[in-house]
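Below is one structure, written out as structure tokens; the observations come after it.
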Amino acid sequence: MLKEEGLNPICFEQTDKPGGTWNYREVSNMEGVASIMPTRHSEMYQYIKDFASEHDCFKHIQFNMMVTCVKRSKDYDETGRWVVT
Numbered sequence: 002m003l004k005e006e007g008l009n010p011i012c013f014e015q016t017d018k019p020g021g022t023w024n025y026r027e028v029s030n031m032e033g034v035a036s037i038m039p040t041r042h043s044e045m046y047q048y049i050k051d052f053a054s055e056h057d058c059f060k061h062i063q064f065n066m067m068v069t070c071v072k073r074s075k076d077y078d079e080t081g082r083w084v085v086t
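Using our numbering, you'd call the opening residue of the sequence shown number 2 and step up by one each time.
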């Protein structure tokens, strides 16, 4: 959809894997305790990876990139560009 508008989306991921906050290893000492959320994080993480693969999203992700600041560029009004550091 963004590509159809002439935009080149880029996603910055701090780690070497997709998933953001869903990319962690589940460790719990509370075996057998019912959860109000029936979907485990591992299922959600797998869904994110599968979706990204199916829709060719990985080519838009730059891994091992930590974003510390996002601000409008000086020529933002003309270009719509942002400065990402």
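Idealized CB from N, CA, C, for every residue including glycine.
In the displayed model, Gln15 falls within coil according to three-state DSSP, outside both helix and strand. For Lys72, the secondary structure class from DSSP, reduced to helix, strand or coil, is strand. Taking Asn65 as the centre and dropping the five residues before and after it, the same chain places the C-beta of Asp17 closer than 6 Å to its C-beta, in chain order.
In chain order, Cys12, Glu14 and Pro19 place their CB closer than 7 Å to the CB of Ile62, counting only its own chain and leaving out the 5 sequence neighbours on each side.
Take the alpha-carbon of Arg73 and the one of Asn9: they are about 17 Å apart. Of the candidates Thr69, Arg41 and Gly7, Thr69 places its Cα closest to the Cα of Val85. Straight-line measurement puts the Cα of His42 at about 32 Å from the Cα of Trp83.
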